[in-house]
Amino acid sequence: MDNAQPANIAMARSMPHHDKFSGPSRRKPNEYLEQWLAAIVESSDDAIMSKDLNGIITTWNHGAENLFGYADKEVVGKSATLLTPPGRRNEEPEILERIKRGESVAAYDTVRQHKNGTLIDISLKASPIRLASGEVVGASTIIRDIGERKRAQEGQALLLREMSHRVTNVLAVANGLVALSARTHSDPQTMAKAVQERLSAFTRAHELTRPGLMGSPNSEGRRSTLRTVIHTIVAPYAGFEQVAGRSCVVVEGKDIAIGGGSVTGLALILHEFTTNAAKYGALSSPSGCIRLAWKQEDGNLLLTWTEMGGPRIEKPPERKGFGSVLAHRTVGRQFGGELRYDWLAEGLVIRMSLPLARLV
114 MDNAQPANIA MARSMPHHDK FSGPSRRKPN EYLEQWLAAI VESSDDAIMS
164 KDLNGIITTW NHGAENLFGY ADKEVVGKSA TLLTPPGRRN EEPEILERIK
214 RGESVAAYDT VRQHKNGTLI DISLKASPIR LASGEVVGAS TIIRDIGERK
264 RAQEGQALLL REMSHRVTNV LAVANGLVAL SARTHSDPQT MAKAVQERLS
314 AFTRAHELTR PGLMGSPNSE GRRSTLRTVI HTIVAPYAGF EQVAGRSCVV
364 VEGKDIAIGG GSVTGLALIL HEFTTNAAKY GALSSPSGCI RLAWKQEDGN
414 LLLTWTEMGG PRIEKPPERK GFGSVLAHRT VGRQFGGELR YDWLAEGLVI
464 RMSLPLARLV
């Protein structure tokens, strides 16, 4: 057997040393079988432990040591509640009651605690340990780490929420673009042309954010500049045209290069700001405008998004929408930056700080 070593569980320690050249013909069949089963348990990647009917740990394999961080000498003789975090303490007594009745506990998902205090997502199942007479004397518990599976499920759920969020946004934005074009074009033909141009611009803006949604790697060939990304994202809504003698969008700041690995994340953040402004904020009003100003300071890009002339804000939202959660997640996890919303009565102000080293 690969990586063969003396079993460190209590049951295996109580047995004679197993000579790899010995077999059933050299030893008593029961003794050989016990050693064989002990070796199987010890070499399992799953955490396997046994406990008596009082919940005291009696055996502890190498898989359990790897999963929880405790050596067998640290846990054998102690209560299995050592592994149970607060809020789950009722599980062990319930398991033991079922074991005492001779019932098995089918695998179920739960949480246990590592030696260092971190919580581990696990699948646990338990079976009664019986003597030859049929008397139940303990429980055998098999525990499997399901952290990777849980993370995959959470990632899939997040992706589905983002897809749903984007579909809803697309419908709302398309309606907004039609209304925006209708305000400035009375002739059906020119209005239709304006709508087509805005929808085409929206498609180009959406293309910048699509790789992040699909989970595909960013191409290093997608390098751009901050000003180009901003223009691409905002163009469908305001077009940077003059309305009533003024610009709908004011951009101020020295242009900087954006690396290919950062274009999608930055576009996603700005896309959330813009679509929210189009649905609820300054871009939803004929008199609304946006000012984007940025500067470089202490190795960070400091960008301020200011909305003016839109609907008056009576109070901050009672909860964060998914778009806001997504923006905070991207700023924090991808860029290691900070994001703050100030819900002023005259308009939303967003302040964002991103390390320049993460943008180039």
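In this note's numbering, the protein residues as written are 114 to 473.
C-beta atoms are modelled at their ideal positions from N, C-alpha and C, and glycine is treated no differently.
Bear in mind that the values here come from a model prediction, so they are computed numbers and not experimental data.
A straight line joining the alpha-carbon of L209 with that of G374 spans about 53 Å.
Pairwise C-beta distances place the region 230-244 out of contact with the region 184-193, as fewer than three of them are shorter than 8 Å. As computed with DSSP, P468 is found in a beta bridge with N413. Taken atom to atom, the span from the alpha-carbon of I255 to that of D159 is near 7 Å.
Straight through space, the alpha carbons of T194 and S217 are spaced by roughly 19 Å. Under DSSP, E451 shares a beta bridge with S466. Closest option to Q226, judged by alpha-carbon separation, among E207, G412, L180 and N167: L180. Between the C-alpha atoms of Q409 and M465 there is a straight-line separation of about 12 Å. The beta carbon of W456 lies closer than 6 Å to those of I426 and P429 in the same chain, with the five residues before and after it left out. CA-CA distance, I346 to V362, rounds to 12 Å.
Around N229, the same chain offers G182 as residues with beta carbons nearer than 8 Å, after the five sequence neighbours per side are excluded. Around the C-beta of L244, fewer than 16 other C-beta atoms lie within 10 Å, and the residue is accordingly described as exposed. Exposed is the label assigned to I153, since fewer than 16 other Cβ atoms lie within 10 Å of its Cβ.
Counting only residues of its own chain and dropping the five nearest sequence neighbours on each side, T171 has a CB closer than 7 Å to the CB of A123, S163, K164, D165, V189 and G251. Among the bridge pairs identified by DSSP, C402 is matched with M421.
Around the C-beta of A177, 16 or more other C-beta atoms lie within 10 Å, and the residue is accordingly described as buried. Unbroken beta strand (DSSP E) runs of no fewer than 3 residues, entirely contained in the region 207-280, are found at 218-226, 232-243 and 249-258, following chain order. The secondary-structure analysis by DSSP pairs V362 across a beta bridge with I403. Cα atoms of S397 and A440: separation of roughly 20 Å, rounded to the nearest angstrom. Under the 10 Å beta carbon count, P199 is surrounded by fewer than 16 other beta carbons and is classified as exposed. Taking the C-beta atoms as reference points, I382 is found no nearer than 9 Å to V473. A straight-line Cα-Cα distance of about 42 Å links R446 and G168. Here I343 is not near L415, since their CB atoms are 9 Å or more apart. By the CB criterion at 9 Å, W418 and F386 fall inside the cutoff. Collapsing the DSSP output to three states places I343 in a helix.
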